[in-house]
Amino acid sequence: MTTTVLVLLDPDPQAPTRALRIDADDAIRDRVAVAPGDALPTAWSTADARIVVAVPGEDVTCVWLPLSAHSDAQARAAARLQLAPRIAAPVDALHVAVAGMGDARGDIGADRLLVGCTDVAMHAWRQRAATLGVQPAAVVPDCLLLPADHDGAVAVVVDIDRWLCRGADIAFSAEPALARVVLEGRPTREPSIAVEALLARGAVAPLAIDLLQGTHAPHVARADASPSVRLLAWLAAALLLSVPVLVAADALRYAVAASRLQSQSLALAAAVLPEARGGTAAQVRAALAERRAPFALAAARAALVDAVALQPGLRIERLEHQPGSGLQVTLRHPSPAAIDGLRTTLATRGLRLDAAGSVPADDGLRTDVVVSHDAGQAR
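Okay, structure coming up:
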């Protein structure tokens, strides 16, 4: 009988990691809490165990959007364009996953579940799994382990000091205060099943999505064809004799592939950005920048508020914005070090802070700054 091991990564990497060992009938056989840096008990990671790693929903963005794609690669590329405005990070720093990969050709234009996070976060989660001594068969946001169908209501469960929420078109994890704001006006329902039992049931059932896609997809071992030594020697000789031909063929193949890729990229961009249909690559980039502007502004504001909260004594006195000029902010702070710390934190989110001179204030200093997306990182 197959055993599923559900590893629940805490948002805080220094917190213990909980794990559940689950039978095929959804029953929790055992549970354990592992201290940071320790591995799961050896008996939990046997060869027949299916390892599902649930990552914090706070660090991912889940949306349901239509995709016009004819292949898995096109679906991920379209998803990247759709998710980029919603995540405060450079486009090339994103990791995206699309639900239903492998059958993209059959539902062109239909709403698909898209999940995005930073590539740094994905690497960190895989490293934490490796420290635990497990190789995940699947990685999924914890909020997507909840059932989705609640007659239009959003399922809300309390997991220690966090809310996990999922509805037909929404899924996230957050602190209670933030979750209440997001859910305002939506009907909610608290399932009668205990949170661990609910998550265990979701881990055993078919998953809504697996984040192990693209560069994070597991490597598939190729079967050993065991060719004879004589055949290998013949092939090696043929290869050496045909090097000039192969070089020329590769050059032609790459040129054709590059042309095809550019055409596909423009077609894909036109599907997502109808206003750029038929335009050049520069016009597509301009249309994308215009489409992203309001989302990028909201993401920059959220990143600023989060970063300010990390600096003791730093607070926002004024916050305004003008199209094309970023966020104009007046900050009150106890010392210049607070601005330096804020600049460093924002830089990790792909944002740039430009500060004017500081003036004395009653409780320290007042500084006017401009927060904008770093042109050196964003594309």
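Residue numbers (my numbering): -2 to 376.
Where is the CB? At the ideal position from N, CA and C, for every residue including glycine.
Just so it is clear, the structure is predicted and the values come from calculations on it, not from any experiment.
Neighbourhood of residue i by C-beta distance below 6 angstroms, restricted to the same chain and skipping five residues each side
i           : result
residue 158 : none
residue 339 : 304 and 308
residue 48  : 2, 131, 133 and 134
residue 353 : 365
residue 28  : 17
residue 4   : 16 and 50
residue 362 : 330 and 355
residue 183 : 151
residue 360 : none
residue 92  : 114, 116 and 119
residue 112 : 57, 59, 94 and 206
residue 172 : none
residue 213 : 119
Cβ-Cβ separation, residue j to residue i (assumed contact under 8 angstroms), whole Å
i           : j           : result
residue 323 : residue 368 : 6 angstroms
residue 207 : residue 137 : 6 angstroms
residue 297 : residue 329 : Actually they are not in contact, since the Cβ atoms of residue 297 and residue 329 sit about 20 angstroms apart, beyond 8 angstroms.
residue 142 : residue 199 : 3 angstroms
residue 151 : residue 163 : 7 angstroms
residue 145 : residue 116 : No, residue 145 and residue 116 are not in contact; Cβ-Cβ is about 27 angstroms, not under 8 angstroms.
residue 61  : residue 166 : 5 angstroms
residue 37  : residue 129 : 5 angstroms
First and last residue of the uninterrupted alpha helix (DSSP H) at residue i
i           : result
residue 123 : 116 to 128
residue 336 : 333 to 344
residue 69  : 69 to 80
residue 173 : 173 to 180
Terminal residues of the beta strand (DSSP E) in which residue i lies
i           : result
residue 353 : 348 to 358
residue 50  : 46 to 52
residue 361 : 361 to 370
residue 196 : Unbroken run through residue 196 is the alpha helix (DSSP H), 192 to 201; no beta strand (DSSP E).
residue 326 : 324 to 330
residue 18  : 14 to 19
residue 91  : 91 to 95
residue 63  : 58 to 63
residue 212 : It is not in any beta strand (DSSP E) - residue 212 carries neither H nor E in the DSSP assignment.
residue 131 : Taken as a continuous stretch (DSSP letters only), residue 131 belongs to no beta strand (DSSP E), as it is neither H nor E.
residue 313 : 312 to 318
residue 152 : 151 to 156
residue 3   : 0 to 5
residue 35  : Careful: residue 35 lies outside any beta strand (DSSP E) and carries neither H nor E.
residue 25  : 25 to 31
residue 162 : 159 to 163
Chain-order list of residues whose beta-carbon lies under 8 angstroms from that of residue i (same chain, five-residue window excluded)
i           : result
residue 125 : 6, 10 and 14
residue 26  : 0, 18, 19 and 20
residue 343 : 300, 301, 304, 349, 350 and 368
residue 370 : 293, 297, 323, 347, 348 and 349
residue 223 : Because residue 223 carries a pLDDT of 43, less than 50, the predicted location of this residue cannot be relied on, and the following value inherits that uncertainty. Closer than 8 angstroms at Cβ, skipping near neighbours: no residue.
Beta-carbon proximity list for residue i, same chain, < 7 angstroms, skipping 5 on both sides
i           : result
residue 318 : 294, 324 and 325
residue 169 : 54, 59, 140, 162 and 179
residue 23  : 197, 198 and 201
residue 315 : 326 and 327
residue 188 : 152, 154 and 195
residue 388 : Coverage of the chain is limited to positions -2 through 376, which leaves residue 388 absent and any answer about it impossible.
residue 118 : 56
residue 204 : 135 and 137
residue 96  : 109, 110, 205 and 206
residue 313 : 305, 326 and 328
residue 215 : 209
residue 185 : 150, 151 and 153
Distance cut-off 8 angstroms: residue i Cβ against heavy atoms of the ligand GTP
i           : result
residue 163 : Absence of the ligand GTP from the depicted structure is noted, as is the absence of any ligand whatsoever, leaving it without description.
CB contact check: residue i to chain B, cutoff 9 angstroms
i          : result
residue 35 : Reference to chain B is not applicable here, since this structure consists of a single protein chain.
Three-pair Cβ contact test at 8 angstroms for the region 27 to 45 versus the region 3 to 14:
Contact between the region 27 to 45 and the region 3 to 14 is present, because at least three Cβ pairs lie under 8 angstroms.
For the pair the region 148 to 164 and the region 75 to 92, tell me if three or more CB-CB distances fall below 8 angstroms.
Touching, no, given that fewer than three Cβ pairs across the two stretches are closer than 8 angstroms.
On the three-pair Cβ rule with 8 angstroms, is the region 168 to 177 touching the region 83 to 96?
No, because fewer than three Cβ pairs between the region 168 to 177 and the region 83 to 96 fall closer than 8 angstroms, the two stretches do not touch.
Spell out a yes or no on whether the region 115 to 124 and the region 190 to 205 are touching, meaning 3 or more CB-CB pairs, one atom from each, closer than 8 angstroms.
No: the two stretches stay apart, fewer than three of their Cβ pairs being nearer than 8 angstroms.
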